[in-house]
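Each remark here refers to the structure printed beneath this line.
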Amino acid sequence: MEQDVLLKNNLLAERNRGYFEARKIMALNFLSSPGSGKTSLLEKTIPMLLAHVPVAVIEGDQQTTNDAERIHALGVPVIQINTGSGCHLDALMVNRAVKEMELKDNSLLCIENVGNLVCPAMFDLGEAKKIVIISTTEGDDKPLKYPAMFHEADICVLNKTDLLPYVDFSVPRCRENAMRVNHHLEWFEVSVKTGEGLDSLAARIKNLAEHR
Ligand SMILES: Nc1nc2c(ncn2[C@@H]2O[C@H](COP(=O)(O)OP(=O)(O)OP(=O)(O)O)[C@@H](O)[C@H]2O)c(=O)[nH]1
Ligand SMILES: [Mg+2]
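Residue numbers for the sequence shown follow the working numbering, beginning at 67 and rising by one.
If you want it as structure tokens, here you go:
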């Protein structure tokens, strides 16, 4: 049953991927636990990218349009998907959302997945890269406890570094744990709150968008 669901999802994800590639749309899947800072990161980085590339956003949450409203305030196209009891986005949801949006050729599509460090790792959406965000309040052992997510990701962003003086969190240990699971991971450290580290992350995303 689970195999069947994943197989169907993978087939549709490949169709999404073909569509994105044909239109030169760089699709990025942002993943994390609830509250690690996915929407905050998009709110801060999208304005840094808009001078270089058109950006659109798909927001995934079980309920509410809160995150879509936050992104709408930036003036970029956004659509909210509510998954109800579902704990992740899937390729069909993204396929339908993309048909409703007027995406531009040569653009960047940021997909914010449902806050969950487990299920979204199993569902390919057709994205080019997965970006996992972990924050300093979550514990530096999380890459070892939820390895699938870190194994599937291409880029890992450690957020909320401004809180490091107040929490028991070892950055080197977290990084080492993440690299043990996936030594290809690109690693960034940021504080969305203070803006520290955001320049290099935005530069990397811009670079991805340019080489779509
Ligand atoms: N101190 C601090 N707080 C942050 C930082 N980034 C985000 N936050 C706060 O963390 C909380 C959650 O941020 P969101 O951006 O909503 O997190 P999210 O991952 O989108 O959450 P879900 O969509 O619910 O999964 C908010 O109160 C943010 O203001 C940061 O760098 N430092
Ligand atoms: Mg969010």
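No residue lacks a Cβ here, since even glycine has one placed at the ideal position from N, Cα and C.
All values reported here derive from a predicted model rather than from experimental measurement.
CB contact below 8 Å: residue i versus chain D
i, result
"MET245", "In the structure shown, chain D cannot be found, because there is only a single protein chain."
Start-to-end residues for the beta strand (DSSP E) that takes in residue i
i, result
"SER98", "92-98"
"ASN182", "Counting along the chain, ASN182 falls outside any beta strand (DSSP E), and DSSP gives it neither H nor E."
"ASN46", "Examination of residue 46 is not possible in this model, given that the chain is present from 67 through 278 alone."
When the options are compared against residue i, the one with the closest alpha-carbon
i, options, result
"ALA275", "LEU155, ALA139, GLU68, LYS170", "LYS170"
"ARG278", "VAL123, MET67, ALA88", "ALA88"
"ASP294", "ASP220, PRO186, LEU224", "The question about residue 294 has no answer here: the residues shown for the chain are numbered 67 through 278."
"GLY101", "ILE199, LEU116, HIS118", "ILE199"
"LEU108", "ASP70, VAL142, LEU191", "VAL142"
"LEU140", "PRO120, LYS272, VAL233", "PRO120"
"LEU72", "LYS196, VAL256, ILE221, LEU191", "LEU191"
"LEU183", "LYS90, GLY84, SER99", "SER99"
"ASN76", "ASP156, GLU204, LEU230, GLY263", "ASP156"
"GLU252", "LEU210, ARG241, PRO213", "ARG241"
"SER106", "GLU125, VAL237, GLU193", "GLU125"
"LYS226", "GLY261, ARG239, ASN273", "GLY261"
"ASP220", "THR131, GLU193, LYS74, GLU80", "GLU193"
"ASN148", "ILE91, ILE271, ASN179", "ASN179"
"SER266", "VAL258, PHE254, ARG246", "PHE254"
"LEU210", "ASN243, VAL258, ASN82, ASN132", "ASN243"
"ALA269", "LYS110, PHE216, GLU204", "LYS110"
Backbone secondary structure at residue i - three-state DSSP
i, result
"ASP156", "coil"
"ALA122", "strand"
"VAL198", "strand"
"ASP265", "helix"
"PHE254", "strand"
"LEU191", "coil"
"ALA163", "helix"
"LYS259", "coil"
"ALA219", "coil"
Residues bridged to residue i (per DSSP)
i, result
"ASN225", "SER201"
"LEU169", "Answer is none; LEU169 lacks a bridge partner."
"ASP127", "ASN148"
"LEU174", "MET92, VAL121"
Run of the alpha helix (DSSP H) containing residue i, from where it starts to where it stops
i, result
"GLU68", "68-88"
"ASN132", "132-138"
"SER106", "104-115"
"LEU210", "208-211"
"ARG278", "Here ARG278 belongs to no alpha helix (DSSP H), and DSSP marks it neither H nor E."
"PRO238", "237-247"
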